[in-house]
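Participant:
Residue numbers (our numbering): 534 to 1147.
Written out as structure tokens, the structure is:
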């Protein structure tokens, strides 16, 4: 790939500048831009954004949310912040803690774990997940695919970094994905046996598909087998009943055993600069950027990985057609002519939103024995300041990219660089993406504390609290144009009962509710609460607090049973501020040698058996 000069970087405006321009003109919108927005969204433009994600117009109290919310006063009381809080109309159970066996016959948790046991136990850092129902008992039994994003070495084995290969292996085996069979027995969800139960971790054999699969960029002089997935953040699920797990902050697992290491331009763009948070590279050469035998090992990470939750013999497949970056999630839609569409955010300040569009009817592709995710086009979003947008193709069919890249495989391996070339819009940490019943697409933009240009027209400088952006694509998700608006500014909830900040997890239910999870300091300078699960009525704009976590944790992961009477969420890294596993928080307080903080899943239901969120 040709060098990208510093003076030839994208001149596209950062998204916060686009938002500033948009808000400064919101009250004077006239003519074609306003008409286009009304036509596309079927709703009115207001000072707070576009109303009616289900194309209903309502300014009154929510009809979708009848539950009593967790009050701000209750959530801010310090005595209430060491244990979860939930609406008085709801109940919850804590299940699936880190270290429990993935099968009831497996090894029980004992701290610190050994590599062999951890490879048969639930991982740490619970994050994205999805419930795949049993056809015979869809609402009380199924397979749960559960991501494990990360866990600190101090919690996993009691040291800042590993001191030997065994300790590095324990950490590696705590990462990845768990495939669990769960069943509701006597009103409680429990792990049950099944021949599909398995752990997928950093040393699990994997395969590649798509344009980069057999390319030199994935080959190492050591000729080692491709293995592993890590930093598995959010997720997706496909119409053909498979699970998509997403590799996010994978660069931080690669270090250098030499102070002489000099990263290439491409490595710098992906933060592969020789600083590892985990110290694996000292004992596992795969993660040593200085080791020439594994020169392209880092190119094997940063992908969307497809897993069959029902077939433990099927290797996970990394789909290179979806691009390599800091994947937060992969939200799937079926577009025009039954082509599969995948929306993806690159979760880092100043990065981009992407879309993959399959080349053909996904059922026809499956009938040929090919994954629909292996053949298609990758696009990146440009948000224009007139509330329109463009999906910019990333391929050598684009002349500016053909000048800089040898082939499509290079573009897909380095789409962060390609996105700058074509002029995509830098975003404020694009995270989870959800599709509403009327096909509007929502994306959480968690925050951008680095913004330093406040002015009277722009209240988000710096963007401490984040926001949610919404768009509607042309041609039933497959088109190359869209219209957009800012749906919610978290800063507008400061000093109100609905206080929240740093939106992260996101899911839209079939009735028009948005479920929003937070990951960041929840404070307005006066009130401080733990991270939380909120429910938003996309028609009325009302926000209600359903659940708050424990101190130090993130609330993440969203899955439901088909009847939506049970929702699963995760409490990640409880007591993360503790520098020792035996001090600070001990949630969920399982006692004995288990009295250390352990990630776990929360099963939420209404006391009256109703739909979660109502």
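Just so it is clear, CB atoms sit at the ideal spot from N, CA and C, and this is done for glycine as well.
1. Can you tell me which of the three DSSP states residue 1046 falls into?
2. Jot down the residue ranges of each uninterrupted alpha helix (DSSP H) in the segment 936-978, minimum 4 residues, whole runs only, in chain order.
3. So what does DSSP say about residue 1147, is it helix, strand or coil?
4. DSSP three-state label for residue 624, please.
5. Checking the sheet assignment: what are the DSSP bridge partners for residue 705?
6. For residue 1105, count the other beta carbons within 10 Å of its own beta carbon; 16 or more makes it buried, fewer makes it exposed. Which is it?
7. What does residue 1092 pair with, by DSSP beta-bridge criteria?
8. Evaluate contact between the segment 787-801 and the segment 766-776, counting only Cβ atoms and requiring at least three cross-stretch pairs below 8 Å.
9. Beta-carbon separation of residue 1037 and residue 630 under 8 Å?
10. Among 776, 1021 and 598, whose alpha-carbon lies nearest the alpha-carbon of residue 851?
11. In terms of alpha-carbon separation, which member of 597, 622, 547 and 697 lies closest to residue 1079?
12. According to DSSP, is residue 905 helix, strand or coil?
13. In the DSSP assignment, find the unbroken alpha helix (DSSP H) run with residue 688 in it and report its ends.
14. Does the count of Cβ pairs from the segment 703-719 and the segment 641-648 closer than 8 Å reach three?
15. Is the beta carbon of residue 1046 sitting closer than 8 Å to the one on residue 598?
16. Label residue 610 either buried or exposed according to how many other C-beta atoms from any shown protein chain fall within 10 Å of its C-beta, with 16 as the threshold for buried.
17. Judging by CA-CA distance, which residue of 731, 679, 699 and 675 is the nearest neighbour of residue 639?
18. Assign residue 814 to buried or exposed, taking buried as 16 or more other Cβ atoms, counted over all protein chains shown, within 10 Å of its Cβ.
19. Under the rule that 16 or more other beta-carbon atoms within 10 Å means buried, what is residue 601, buried or exposed?
20. Going by C-alpha to C-alpha distance, which of 946, 832, 840 and 951 sits closest to residue 931?
21. Would you say the segment 908-924 touches the segment 1040-1060, given that touching needs at least three Cβ pairs under 8 Å?
22. What residue ranges within the segment 597-657 form continuous alpha helix (DSSP H) runs of no fewer than 4 residues, ordered along the chain?
23. Use the C-beta contact count for residue 606: other C-beta atoms within 10 angstroms, 16 or more gives buried, fewer gives exposed.
24. According to DSSP, is residue 538 helix, strand or coil?
25. Considering only residues of the same chain and omitting the five flanking positions on each side of residue 853, which have a CB-CB separation below 7 Å?
26. From this set, 802, 692, 689 and 653, which residue's C-alpha is nearest residue 736's C-alpha?
27. List the residues that DSSP assigns as beta-bridge partners of residue 721.
Facilitator: Looking at the atomic coordinates:
1. Residue state, collapsed to three classes: strand.
2. Counting only unbroken stretches of 4 or more residues, the alpha helix (DSSP H) elements lying wholly within the segment 936-978 are 941-946 and 948-955, in sequence order.
3. It is coil, neither helix nor strand.
4. The answer is strand: DSSP assigns residue 624 an E or B state.
5. The bridge partners DSSP lists for residue 705 come to none.
6. It counts as buried.
7. The bridge partners DSSP lists for residue 1092 are 1101.
8. Short answer: they don't touch.
9. Contact check for residue 1037 against residue 630 fails: the beta carbons are separated by 8 Å or more.
10. Considering only alpha carbons, the answer is 776.
11. For residue 1079, the nearest C-alpha among the options comes from 622.
12. In the structure shown, residue 905 sits in a helix (DSSP, three-state: H, G or I).
13. That run of the alpha helix (DSSP H) goes 686-689.
14. Yes, the segment 703-719 touches the segment 641-648.
15. Yes, the pair counts as a contact, with Cβ atoms nearer than the cut-off.
16. Residue 610 comes out exposed.
17. Ranking 731, 679, 699 and 675 by CA distance to the CA of residue 639 puts 731 first.
18. Flag for residue 814 reads buried.
19. The residue in question, residue 601, is exposed, as its Cβ has fewer than 16 Cβ neighbours within 10 Å.
20. Closest by alpha carbon: 951.
21. Touching, no, given that fewer than three Cβ pairs across the two stretches are closer than 8 Å.
22. Counting whole runs of 4 or more residues, the segment 597-657 contains the alpha helix (DSSP H) stretches 605-609 and 648-651.
23. With fewer than 16 Cβ atoms within 10 Å of its Cβ, residue 606 is classed as exposed.
24. With a pLDDT of 38 at residue 538, under the threshold of 50, the modelled position of that residue is not reliable, and no figure is offered here.
25. Answer for residue 853: 741, 742, 743, 744, 745, 746, 836 and 945, listed in chain order.
26. Residue 736 has its Cα closest to that of 653, out of 802, 692, 689 and 653.
27. DSSP output for residue 721 lists 718 as bridge partner(s).
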